[in-house]
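For reference, the structure discussed in these notes is given below.
Chains as they are written, first to last, in the UniProt record's numbering: chain A, 1 to 509; chain B, 1 to 306.
Encoded structure:
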C-alpha cells in the first residue's frame, strides 16, 4: 500500500479570503489571544442547552461548545476552518482515501492524570459504532474497522473513499476507556477528556462551567474559567451583554442596530458556515419544469434581501456551501436578479398559475425566517408565480424535510459543523432526504468528490455547483454572518461554525 | 367531607389520565423524533433505524398500552435525548426554580394587593383608589415580556444594580419576581376593591357598626372574609398557572423552570419529557383546585357539602 503524507498542511486552502466583504470583521475586535493577559473568568451565552453532553452518544451543535473545551479529536478545526493536528500528531492515507493511519500524540494527559493511549481512541470509535442510539454513528458509519497497526498508530479502514475524513474525526471527542467503560452513568455528570478545560459543574437550565486544565498538552488556555450560560431569548442575550451579566452572545441581525453606539457592548460580525437556500421538490407539478426553477432563481433579489433584512450582514451566493467551508469555489457566479428574465422564463415554461407552496419555519432555527420567507414570496409573486406560504415551527419543518414530505418550495439552511461540503452535497443533491431530483449526474459527481485528492476536490465541487446552476435542484440564496454581542474587553475571533472555542477567548483588561 | 374529597380525587385521576392520553396522541401525531436527533447528514435508512430502536415504528396502540402500563406503575419513560435518564427526573429538577419564583411572586403580589385594598377602604380615600387602580391598569396594559425587558433596561443595563438573567443568587430573583408580582397585584387589588365595595352596602355591615365596632375593625373582621371568596377562586387558578411554568417570564430571564424545559422538549419531540411535564402541570392544577374548593367550604359554610 502506497501512502501519501499530508500532515498538518491538510485543508489549509480553506482559509483563503475567509474574512471578506464590507462587514466589520473579527479583526476589528483584536482576534486571537495576541497581547491578551492571562486569567479571568468569562460567561459565554448559548442560545440552546444541549440535552446531553456525552461525546459518545450525542452529536449536537449546542454540545460542541462544551466538547471543544473538554475533549480533543484526532484533528482539530480551527476558528478559521483549517484542519490542525489534535490528538494525532500526523496522519497518512492511501491513494483512494479509504485507509487512514493516525499517529497518536504521546505524553497526553486526561484530566484525571491518566495517559492517553491508542486503545482509548479505538474504544471511542468502537463504542460509537456499536451503539444503536448514538447520534454520532451516522457520522462515522463508513468505518469498516479501527485497529492499532503498530504501537501508537491507529488505522481506520473505511467502506468507501472519504476525502472529508480529517474533518469528520475532528468532531469526535476521545474519551478515556478506563473511566467511560466503568462509570458510564456518572460520566456525563463528571466528564473526563484531554481538552484545554476540565469540567467543574453543570447546573441544568442555567450554566455549564469549565476551568483551565494546567496539564494540557497544547498551548494552555488564557482564561481561568469559562461559564456557558443558556439563554434562549434573543432580547435577554442582548441585554445580558449590555448589563455585563454575559461576555459574549450570538444575536440575530435585527438586534445589531440596537447595540450600535453602546459603550457596554460591541458587535462582532464574522462570516458563518451557513448557506440559506430555497429547497425544491423537483418532482412536483410546475417545479418539475427546469425553466420554472431557473425563473425562481433569478426572480429573487439576493442583494436586496441582505441589505434590507440582514442589515448588510451576509453574502449572496450561487453555491450551497459558504466561504470557508471545503467545497466553496471562490468567484463562482451569483445568479443575477432579473425580474423580466424571470417572467420570460415562466412564459416560455407555459406556467399556468398553479399554486406552489413555500414552507418556512415560524419559530426556532433560522433567524428572521418569517421576514425572509415573506420577502421571497413577494419576489416570486411579482414574477408571476402563485405562492402559498405555509408556516410551522422549526421541528415540524425539519421533520417534513427529513421525511421527504415537502410538496413545493421550502426555506432552509445548512451549516456543516465538519466545515466540509461533503455532507451538504450528499443531503441536498446526492441521495439524501433533501434530494428530490435524484439526478444521476450529481450522484456521479458526489462519488468523484469522495475519492478526489485535496487539489482535485475544488474542481469537482465547481462542477457540482455548475450543474446545480443549470438544473436548479435547489436555489442557493445567501450566507448570513454570525453576529455576536461582546464585552468590549474580550479578545476573541469567532469561528465560522458559530461554536465557541473556549481556548481562543481571552480578556484584555 | 371524606367522601367529598375521595370523589374529587377520583375525578382528578381521570383528568390527569385524559391529559396524558391527549399528550400522547398529539405528540405522536407530530412526527417521529429520530430525524431531529440525527441532525448532521444521516441517511433515511439511519433515521428509520433509530426510530425503530427507540420503538417509534411500532403500532400506535401498542406504544400507548406500553405507556399506560408504565404510568400505572409510576414509570413515565426515559428521555430519548438522555439515554437512561427518567423523564420525570428532568422535570423534577426544574420544579424548585418554578416553585420559588411562582410562590414568591404570588405571595408578594397578593400581600401587597391586600394591604392596598385595605388601605383604600379603611381610609376611604379616593386618591388612593385612583392611584392603585389607575396605576395598576397601566401596568396591566404592558405585557409581561415587555415589562420584564423594561425592568432589565432600567435596573440591569442602566443602573447596573441587578443581574439581567439567570438563577444564580438572591439578587437574580428581584426582577422576575417584580415582573410577575406587579401583574398579580393589579389583578387582586381590583378584585378586592370591588368585592369590598360590594360588601360595604350589606346589612351585616350596618349591623356591625350598630354594635359599635370601629370602621377599621368592620373592614378587617367583617367585610374582608366575605370579600375574599371571589379572590380565592381567581387566585387558585392563577397560582396553578404560575406553578405550571410562567413560560414568558422564564424566557425573558433565562429562568430554568418548568415552562422552559417543556418548550424545549416539545421542540425536540422528547415525548417522555413532555408527558411527564404535562402530568406535573395537570397534577398542580388538580391539587390547587381541590385545595381551593376545600378552603372555600372552610371559609363559607354555605358551600360546605352536607
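Don't be surprised by glycine CBs; every beta carbon is placed ideally from N, CA and C. It should be emphasised that the depicted structure is a prediction, and the values quoted were computed from it without experimental measurement.
{"query": "When DSSP labels each residue in this structure, what does residue 413 of chain A get in the three-state scheme?", "result": "strand"}
{"query": "According to the Cβ coordinates, are residue 102 of chain B and residue 243 of chain B closer than 8 angstroms?", "result": "yes"}
{"query": "Please name the residue in A:166, A:483 and A:191 whose C-alpha comes closest to that of residue 209 of chain A.", "result": "A:191"}
{"query": "Measuring alpha carbon to alpha carbon, tell me which residue in B:173, B:105 and B:46 is nearest residue 241 of chain B.", "result": "B:105"}
{"query": "Can you tell which of A:496, A:225, A:180 and A:473 has the C-alpha that lies nearest to the C-alpha of residue 198 of chain A?", "result": "A:225"}
{"query": "With 16 other CB atoms within 10 Å as the buried threshold, where does residue 115 of chain B fall?", "result": "exposed"}
{"query": "Please report whether the beta-carbon of residue 235 of chain A lies at a distance below 8 angstroms from any beta-carbon of chain B.", "result": "yes"}
{"query": "For residue 108 of chain A, report the span of its alpha helix (DSSP H) as first-last.", "result": "No alpha helix (DSSP H) contains residue 108 of chain A, which DSSP labels as neither H nor E."}
{"query": "Are residue 281 of chain B and residue 295 of chain B close, meaning C-beta to C-beta below 8 angstroms?", "result": "no"}
{"query": "Mapping the DSSP letters down to three states, classify residue 148 of chain A as helix, strand or coil.", "result": "strand"}
{"query": "If we count the other Cβ atoms within 10 Å of its Cβ and call it buried at 16 or more, is residue 34 of chain A buried or exposed?", "result": "Only weak support exists for where residue 34 of chain A lies, its pLDDT of 44 falling under 50; the coordinates are left without a value."}
{"query": "DSSP three-state label for residue 240 of chain A, please.", "result": "helix"}
{"query": "Under 8 angstroms, do residue 188 of chain A and residue 256 of chain B count as touching if we go by C-beta distance?", "result": "no"}
{"query": "Looking at residue 474 of chain A and residue 278 of chain A, is the spacing between their C-beta atoms short of 8 angstroms?", "result": "yes"}
{"query": "Does residue 244 of chain B get closer than 8 angstroms to chain A when you measure Cβ to Cβ?", "result": "no"}
{"query": "Beta carbons nearer than 9 angstroms to chain B: which residues of the region 54-76 of chain A have them?", "result": "54, 57, 58, 59, 60 and 61"}
{"query": "Is residue 144 of chain A closer than 8 angstroms to residue 166 of chain A when the C-beta atoms are compared?", "result": "no"}
{"query": "Check residue 19 of chain A in the structure and name its three-state DSSP category.", "result": "Note that residue 19 of chain A has pLDDT 30, beneath the 50 cutoff, so the model's placement of it is unreliable and the number below is only indicative. Residue 19 of chain A: coil per DSSP, three-state reduction."}
{"query": "Would you tell me roughly how many angstroms separate the C-alpha atoms of residue 438 of chain A and residue 430 of chain A, rounded to the nearest one?", "result": "7 angstroms"}
{"query": "Looking at the C-beta of residue 500 of chain A, does it have a partner C-beta in chain B at a distance below 8 angstroms?", "result": "no"}
{"query": "Please list the partners that residue 283 of chain A has in chain B, where partner means a Cβ-to-Cβ separation under 7 angstroms.", "result": "Those do not exist, as residue 283 of chain A stays about 16 angstroms from chain B at its closest Cβ, beyond 7 angstroms."}
{"query": "Using a Cβ cut-off of 8 angstroms, which residues of the region 123-156 of chain A contact any Cβ in chain B, in chain order?", "result": "132, 133, 135, 137, 138, 139 and 141"}
{"query": "From the DSSP output, in three-state form, read off residue 64 of chain A for me.", "result": "helix"}
{"query": "Along chain B, which residues have their Cβ under 9 angstroms away from the Cβ of residue 394 of chain A?", "result": "267"}
{"query": "For residue 331 of chain B, count neighbouring Cβ atoms within 10 angstroms of its own Cβ and tell me buried if that reaches 16, exposed if not.", "result": "This structure does not reach residue 331 of chain B, given that chain B is present from 1 up to 306, and the question cannot be answered."}
{"query": "Counting only beta-carbon separations shorter than 8 angstroms, does residue 98 of chain B have a partner in chain A?", "result": "no"}
{"query": "Can you tell which of B:88, B:146, B:87 and B:189 has the C-alpha that lies nearest to the C-alpha of residue 133 of chain B?", "result": "B:189"}
{"query": "Which residues in the same chain have their Cβ closer than 6 angstroms to the Cβ of residue 335 of chain A, if we skip the five residues on either side of it in sequence?", "result": "297, 298 and 318"}
{"query": "With 8 angstroms as the threshold, decide whether the Cβ of residue 433 of chain A is near any Cβ in chain B.", "result": "yes"}
{"query": "Quick one: does residue 33 of chain A have its CB under 8 angstroms from some CB of chain B?", "result": "Only weak support is given to the placement of residue 33 of chain A: the predicted model assigns it a pLDDT of 45, under 50, and the value that follows is read from those uncertain coordinates. No, its Cβ sits nowhere closer than 8 angstroms to a Cβ of chain B."}
{"query": "Would residue 254 of chain B pass as a contact of residue 110 of chain B if the rule is Cβ separation under 8 angstroms?", "result": "no"}
{"query": "Which residues bound the beta strand (DSSP E) around residue 46 of chain A?", "result": "41-46"}
{"query": "With the cut-off set at 8 angstroms, would you say residue 58 of chain A and residue 169 of chain A are in Cβ contact?", "result": "no"}
{"query": "Who does residue 448 of chain A pair with in a DSSP beta bridge?", "result": "According to DSSP, residue 448 of chain A bridges with nothing at all."}
{"query": "Pick out whichever of A:313, A:85, A:235 and A:416 has its Cα sitting closest to the Cα of residue 324 of chain A.", "result": "A:416"}
{"query": "Is there a C-beta anywhere in chain B that falls below 8 angstroms from the one on residue 232 of chain A?", "result": "yes"}
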